[in-house]
């Protein structure tokens, strides 16, 4: 799957108009055609599409991501420098999306068809309809430009001067809030559907108190919830790419988008591969956890 996706991305980059020399020089028209051709030869871009792709594929199997066409820096070192920032934002986003979705989804289910239920659904649906980049820009205008409460950019790499978690607050909100709407609805509907199961209704008939009924229902649906949140990794990472660019947050997402514009093949493909591995691992971990939770609940 990852290599199929890399093939498609490589093909799209190959077919894009222009070449890497446009990004390498501030005035690309100042260099001659022969100089451009020599640069392309040095970078191996004079070869055909399949030759370029399979050479890249061969280097990946030796853990050699190559060097950036733009600055000559090792792609591996660029990724290592930026990946921690993205993982911090991704981890926090995952935590708050899961936490808020679970809490609000269960509250919405418990107070089904009440004002609380309608208010939660209306609020989250409104947020869900807002594109990530537009919502991010609104947060910048309100909290950074007008109120001056939070920085809109200026974050540095983890471990360096200038890095602060306050730089993650606005990007975090821009990722989390538009994401939770559909998740709250999923949790709510799952809870309402399963609280009507025969064994739970039998527990109610035996006089089990409401708290224990809700606890039993949550335990019963927990494998489905864990599995569902595992599938969100790709969606969250997609939002991460856009939001990092909006807030000039120095992570893998911003790096990838800038590299696409510059047609910096090695960097684009490396960021794609790393992102894909993280998404696959998230799904795998969620699947394993759901099986373990399901087994534990069955034993109980």
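Residue numbers (UniProt numbering): 1 to 300.
All C-beta atoms in this analysis are idealised placements derived from N, C-alpha and C, irrespective of residue type, glycine included.
On a predicted model such as this, the values are computed, not experimentally measured, just so you know.
Residue 74 in three-state terms, based on DSSP: Here residue 74 refers to the residue found at position 74 of the chain shown. Reduced to three states, the DSSP call for residue 74 is strand.
Reference residue 275, options 236, 185 and 142, closest by Cα: Taking the chain shown and counting its residues from 1, one reaches residue 275 at position 275. When only C-alpha atoms are compared, the closest one is 236.
Candidates 188, 189, 190 and 217, of which the one nearest residue 202 by Cα: Position 202 of the chain shown, counted from the start, is the residue given in the question as residue 202. For the residues 188, 189, 190 and 217, the minimum Cα distance to residue 202 belongs to 217.
beta-carbon residue 278 near the ligand NAP non-hydrogen atom, thresh 8 Å: No copy of the ligand NAP appears in this structure; indeed no ligand is present at all.
Cβ neighbours of residue 71 in the same chain (closer than 8 Å, five flanking residues each side left out): Mapped onto the chain shown, residue 71 falls at position 71. Correct list: empty, nothing qualifies.
Contact between the stretch 256–272 and the stretch 184–201 (3+ Cβ pairs under 8 Å): no
Element boundaries [alpha helix (DSSP H), containing residue 181]: By 1-based counting over the chain shown, the position of residue 181 is 181. Residue 181 -> alpha helix (DSSP H) spans 169–194.
Cα-Cα separation, residue 243 to residue 249: As a first step, residue 243 is located in the chain shown; it is residue number 243 there, counting from the start. As a first step, residue 249 is located in the chain shown; it is residue number 249 there, counting from the start. If you take the alpha carbons of residue 243 and residue 249, they lie about 8 Å apart.
Whole-angstrom distance between residue 181 and residue 124, CA atom to CA atom: Taking the chain shown and counting its residues from 1, the one referred to as residue 124 is at position 124. Taking the chain shown and counting its residues from 1, the one referred to as residue 181 is at position 181. Between residue 124 and residue 181, the C-alpha separation is close to 4 Å.
Alpha carbon of residue 65 to alpha carbon of residue 57, nearest angstrom: If you number the chain shown from 1, residue 65 lands on position 65. If you number the chain shown from 1, residue 57 lands on position 57. If you take the alpha carbons of residue 65 and residue 57, they lie about 9 Å apart.
Residues near residue 280 in its chain [Cβ-Cβ closer than 6 Å; skip 5 each side]: Taking the first residue of the chain shown as 1, we reach residue 280 at position 280. Here the set comprises nothing.
Touch test, the stretch 222–230 against the stretch 205–212, Cβ-Cβ under 8 Å, three pairs minimum: no
Under 9 Å between C-beta atoms of residue 286 and residue 191: In the chain shown, counting from the first residue as 1, residue 286 sits at position 286. In the chain shown, counting from the first residue as 1, residue 191 sits at position 191. Contact flag unset, no.
Ordered list of alpha helix (DSSP H) runs contained in the stretch 90–171, each at least 4 residues: 115–128 and 132–139
Straight-line gap, residue 261 to residue 230 (C-alpha atoms, nearest Å): Residue 261 sits at position 261 when you count from the first residue of the chain shown. Residue 230 sits at position 230 when you count from the first residue of the chain shown. For residue 261 and residue 230, the distance between alpha carbons rounds to 30 Å.
Cβ neighbour criterion (16 or more within 10 Å) applied to residue 299: Position 299 of the chain shown holds residue 299. Any reading at residue 299 must be qualified, since the residue scores a pLDDT of 47, below 50, and its modelled position is unreliable; the value itself is stated next. It counts as exposed.
Buried versus exposed call for residue 136 [16 or more other C-beta atoms within 10 Å across all chains shown]: Numbered from 1 along the chain shown, position 136 holds the residue referred to as residue 136. So residue 136 ends up on the buried side.
Close Cβ partners of residue 184 (< 7 Å) along its chain, the five nearest in sequence each way excluded: Taking the first residue of the chain shown as 1, we reach residue 184 at position 184. Here the set comprises 101, 104, 105, 108, 120 and 124.
Under 9 Å between C-beta atoms of residue 265 and residue 54: Stepping through the chain shown from its first residue, residue 265 is reached at position 265. Stepping through the chain shown from its first residue, residue 54 is reached at position 54. Contact: no.
Residue 155 vs residue 239 beta-carbon contact at 9 Å: Within the chain shown, the letter at position 155 stands for residue 155. Within the chain shown, the letter at position 239 stands for residue 239. Result no, Cβ atoms of residue 155 and residue 239 do not sit closer than 9 Å.
Residues of its chain near residue 90, where Cβ-Cβ distance is below 8 Å and the 5 sequence neighbours each way are ignored: By one-based count along the chain shown, residue 90 stands at place 90. Excluding residues within five positions, the ones whose Cβ falls inside 8 Å are 236, 237, 240 and 278.
Through-space distance from residue 245 to residue 4, alpha-carbon basis: Working through the chain shown from its first residue, we reach residue 4 at position 4. Working through the chain shown from its first residue, we reach residue 245 at position 245. Cα-Cα distance, rounded: 26 Å.
Reference residue 86, options 284, 283 and 247, closest by Cα: Position 86 of the chain shown, counted from the start, is the residue given in the question as residue 86. Nearest C-alpha to residue 86: 247.
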